[in-house]
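Have a look at the structure below, then the notes.
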Ligand SMILES: C[S@@+](CC[C@H](N)C(=O)[O-])C[C@H]1O[C@@H](n2cnc3c(N)ncnc32)[C@H](O)[C@@H]1O
């Protein structure tokens, strides 16, 4: 289990919020649906879904107790009456025919085996019910990943990364289509969508890395984490310097999945 810094994430997740909003717009909500947000994080995307369904309700689940504590504190139930948060793993969804929509933004690339997630989602949806997921997909963040992977085997760092496995699983269209079919869904769309993610300069890139690439940094003793960060930033910015507006660009690829339980 990876430990998230929920407050830091709240400050450094502008890109995830932007993409979350684009994804909510694709849901075409009528305002009365019951929605499950899988991996809701600090809850700000979940709260935007809740604002779109004043006659329905939204449940955000996340495996991180820190994230759920921050979400509950930011969006208390007395003020956000159609919104609640629960600590729950996506691999162990514990609902029966409760939701019209299962939504997930920037989460499922943290999961290696999607079949138990999809079976759980199938169980927790009503008929008809729909899925809209977006996650890191095949080819995601290749440039920064290559730089980090090259650093991990350098003499000064490799001892920290013995037996290390990347926490990310970036899947493609064919394997996802197979898993949806196996778990009883009708697939409407599976797409790999290239996205240019921008971060405000070196600091923005550093805060995005610090908050979402923490499994790499946490392998290193705290006194040396900044040195590792500086080497990643130097190498990335040398190859991909900020543009004239000071923005650093990242080559992201998102896997977007739309499917239905009939
Ligand atoms: C990058 S954050 C995205 C949060 C939110 N969906 C957003 O758009 O801002 C990834 C979240 O996925 C959660 N997560 C990762 N693996 C999970 C799992 N197996 N079950 C539930 N949540 C998970 C993490 O705890 C973290 O809160």
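Numbering (this note's numbering), first residue to last: 1169 to 1430. In this text, a Cβ means the ideal position worked out from N, Cα and C, and glycines have one as well. All of these numbers come straight from a predicted model, not from anything done at the bench.
Using the three-state DSSP reduction, which class does residue i fall into: helix, strand or coil?
i: residue 1430; result: coil
i: residue 1258; result: helix
i: residue 1294; result: strand
i: residue 1272; result: strand
i: residue 1330; result: coil
i: residue 1305; result: strand
i: residue 1339; result: strand
i: residue 1378; result: helix
i: residue 1417; result: strand
i: residue 1280; result: coil
i: residue 1221; result: coil
If you compare alpha carbons, which of the options is closest to residue i?
i: residue 1409; options: 1342, 1357, 1395, 1311; result: 1311
i: residue 1281; options: 1369, 1242, 1268, 1351; result: 1351
i: residue 1125; options: 1390, 1206, 1369; result: Outside the displayed span of the chain (1169 to 1430) sits residue 1125, for which this structure offers no information.
i: residue 1301; options: 1417, 1179, 1400, 1275; result: 1275
i: residue 1284; options: 1330, 1309, 1348, 1222; result: 1348
i: residue 1332; options: 1339, 1371, 1321, 1340; result: 1321
i: residue 1411; options: 1369, 1340, 1380; result: 1369
i: residue 1451; options: 1209, 1181, 1215, 1261; result: Absent from the structure is residue 1451, since the part of the chain shown begins at 1169 and ends at 1430.
i: residue 1188; options: 1382, 1386, 1304; result: 1304
i: residue 1420; options: 1414, 1377, 1306, 1342; result: 1306
i: residue 1249; options: 1259, 1390, 1224; result: 1224
i: residue 1222; options: 1209, 1238, 1213, 1201; result: 1201
i: residue 1357; options: 1342, 1184, 1183; result: 1342
i: residue 1268; options: 1258, 1380, 1293, 1278; result: 1293
i: residue 1345; options: 1323, 1338, 1355, 1337; result: 1355
i: residue 1309; options: 1391, 1393, 1362; result: 1362
i: residue 1367; options: 1381, 1170, 1323, 1414; result: 1414
i: residue 1338; options: 1390, 1364, 1278; result: 1278
i: residue 1371; options: 1383, 1416, 1364; result: 1416
i: residue 1173; options: 1375, 1418, 1365, 1391; result: 1375
i: residue 1257; options: 1313, 1425, 1204; result: 1204
Leaving out five residues on either side along the sequence, give the residues of the same chain with a beta carbon under 8 Å from the beta carbon of residue i.
i: residue 1220; result: 1192, 1195, 1197, 1199
i: residue 1325; result: 1319, 1388, 1396
i: residue 1255; result: 1229, 1230, 1231, 1232, 1233, 1236
i: residue 1353; result: 1286, 1290, 1299, 1427, 1428, 1429
i: residue 1340; result: 1305, 1306, 1360, 1423
Please list, in chain order, all residues of the same chain as residue i whose beta carbon is under 7 Å from its beta carbon, the five residues on each side excluded.
i: residue 1296; result: 1428, 1429, 1430
i: residue 1315; result: 1400, 1403, 1404
i: residue 1329; result: 1320, 1387
i: residue 1377; result: 1397, 1400
i: residue 1218; result: 1226, 1248, 1250, 1251
i: residue 1184; result: 1273, 1274
i: residue 1170; result: 1335, 1382, 1383
In the DSSP assignment, find the beta strand (DSSP E) that holds residue i and state where it starts and stops.
i: residue 1253; result: 1251–1255
i: residue 1363; result: 1354–1368
i: residue 1204; result: 1202–1206
If you follow the alpha helix (DSSP H) that residue i is in, where does it begin and where does it stop?
i: residue 1229; result: It is not in any alpha helix (DSSP H) - residue 1229 instead sits in the beta strand (DSSP E) that spans 1225–1230.
i: residue 1402; result: 1390–1407
i: residue 1238; result: 1233–1242
i: residue 1264; result: Premise fails: residue 1264 is in no alpha helix (DSSP H) and is neither H nor E.
i: residue 1186; result: 1182–1195
i: residue 1179; result: 1174–1179
i: residue 1351; result: Careful: residue 1351 lies outside any alpha helix (DSSP H) and carries neither H nor E.
i: residue 1386; result: Looking at the DSSP string, residue 1386 is not in any alpha helix (DSSP H), and its letter there is neither H nor E.
Residues in the same chain with beta-carbon distance under 6 Å from residue i, minus the five sequence neighbours each way, listed in chain order, please.
i: residue 1379; result: 1176, 1177, 1180
i: residue 1385; result: 1393
i: residue 1266; result: 1292
i: residue 1364; result: 1417
i: residue 1272; result: 1206, 1207, 1301
i: residue 1261; result: 1288, 1292
I'd like to confirm something about residue i: is its beta-carbon nearer than 7 Å to some heavy atom of ligand 2, or not?
i: residue 1172; result: Although ligand 2 was asked about, the structure shown includes only ligand 1 as ligands.
_Which residues end up in the neighbourhood of ligand 1 when you take C-beta atoms closer than 6 Å to any of its heavy atoms?_
1172, 1181, 1184, 1188, 1207, 1208, 1209, 1213, 1230, 1231, 1232, 1235, 1257, 1258, 1259, 1273, 1274, 1275, 1278, 1279, 1380
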